[in-house]
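**Q** Would you mind keeping the following structure in view while I ask a few things?
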Amino acid sequence: MKILTHGFGVKNGIFAVYIERPPPMSEYNYLDIIQPLASGEITAINAACGNGWRKIFNVYAKFIAEFNYKDHDFTKHKTWQEYRDKCLLQQHSNEVLLFSPPNFADKSYKYHIIAGRGYAKKILRDHIFTNSLVWIDEEFAIDPKLNLVICPYFDYRQLSNIKISKLCGILKSLD
């Protein structure tokens, strides 16, 4: 079965984060490609969709800042907020936010992160692609063969700053 990969960001990069569905806006209802966000589009999504999407984008930017990948564009920005507004998921970034299951046959991203244990279990049930997944604790799992980590959903309460640090440590252990 071929997986139709679709989401926001770049087609090749360092980080691929998977969440279940796109923002509830008509322009994204039939998104069937990976599309870079335009400057200001995160602000527009936040205005139209509210606090939940603001949290997703903020946590993603905070994660990028904390990870501080050596070849990543974050080093050109002073804060995670500046990175979010000027680079996150745009054409000149190194990340993607996907609304489709992982496709590990396509080696487009170095690290794969499934955000949310419930979504991860649904994907694992419907798309068997790993047999080496190990749960580290109630919230984090790792498949080192696939550079895959399952973590809490990208929300302040679920993926707090301490848990963002833990996620970064887990990903760095894959190198």
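Numbering (our numbering), first residue to last: 26 to 200.
The beta-carbon is built from N, C-alpha and C at its ideal position, and this holds for glycine as well.
Note that the structure is a prediction, hence the values are computed from the model and not measured.
1. Looking at the structure shown, is D110 part of a helix, part of a strand, or coil, going by DSSP?
2. I believe L196 touches L114 by the beta-carbon criterion, under 8 Å. Please report the beta-carbon distance rounded to the nearest angstrom.
3. Which residue wins for smallest C-alpha separation from K147, given the options F88, Y43, N119?
4. Shorter than 8 Å from the beta carbon of R182 to some beta carbon of chain B?
5. Exposed or buried, R109, counting other C-beta atoms within 10 Å across all chains shown (16 or more means buried)?
6. V159: buried (16+ other C-beta within 10 angstroms of its C-beta) or exposed?
7. Which first and last residues belong to the alpha helix (DSSP H) in which K146 is found?
8. Give the single residue among G75, G65, G34 whose Cα lies nearest to the Cα of I58.
9. Quick check: the Cα distance between K170 and N37, rounded to an integer number of angstroms?
10. Report all residues from its chain with a CB closer than 7 Å to the CB of G194; omit the five preceding and five following residues, and keep chain order.
11. Can you determine whether any heavy atom of the ligand ATP sits closer than 7 Å to the C-beta of I70, and answer yes or no?
12. Just verifying my parser: in three-state terms, what is the DSSP assignment at V35?
13. Between L192 and F88, which are expected to be in contact by the criterion C-beta below 8 Å, what is the C-beta distance as a whole number of angstroms?
14. Any idea which residues DSSP pairs A41 with across the strands?
15. Does the beta-carbon of L29 have 16 or more other beta-carbons within 10 angstroms, so that it is buried, or is it exposed?
16. Residues in the same chain with beta-carbon distance under 8 Å from Y144, minus the five sequence neighbours each way, listed in chain order, please.
**A** Working from what's here:
1. Translated into the one-based positions of the sequence shown, residue 110 becomes position 85. Here D110 sits in helix by DSSP.
2. Position 171 of the sequence shown, counted from the first residue, corresponds to residue 196. Position 89 of the sequence shown, counted from the first residue, corresponds to residue 114. About 18 Å separates the two Cβ atoms, so there is no contact after all.
3. Here the question's residue 147 lines up with position 122 in the sequence shown. Minimum Cα distance to K147 is reached at Y43.
4. The chain labelled as chain B is not found in the depicted structure, where only one protein chain is given.
5. Walking along the sequence shown from the start, residue 109 turns up at place 84. Result: buried.
6. One-based indexing of the sequence shown puts residue 159 at position 134. Burial call: exposed.
7. Your numbering for residue 146 matches position 121 in the sequence shown. It spans 142-151 - the alpha helix (DSSP H) in which K146 sits, taken as one unbroken run.
8. Counting from one through the sequence shown, the residue named residue 58 turns up at place 33. Taking only the C-alpha atoms, the option nearest I58 is G34.
9. Numbered from 1 along the sequence shown, position 145 holds the residue referred to as residue 170. Numbered from 1 along the sequence shown, position 12 holds the residue referred to as residue 37. If I take the Cα positions, the gap works out to 19 Å.
10. Translated into positions along the sequence shown, residue 194 becomes position 169. Around G194: no qualifying Cβ.
11. Judged by which ligands are present, the structure shown has none, so any question about the ligand ATP falls away.
12. The residue given as residue 35 occupies position 10 in the sequence shown. Three-state DSSP puts V35 in coil, outside helix and strand.
13. Working through the sequence shown from its first residue, we reach residue 192 at position 167. Working through the sequence shown from its first residue, we reach residue 88 at position 63. With a Cβ gap of about 7 Å, L192 and F88 count as contacting.
14. To locate residue 41, count along the sequence shown from 1; it is residue 16. V121, H137.
15. Taking the first residue of the sequence shown as position 1, residue 29 is located at position 4. Classification of L29: exposed, given that the 10 Å Cβ count is below 16.
16. Here residue 144 refers to the residue found at position 119 of the sequence shown. Same-chain partners within the cutoff: Y43, I44, E45, Y178.
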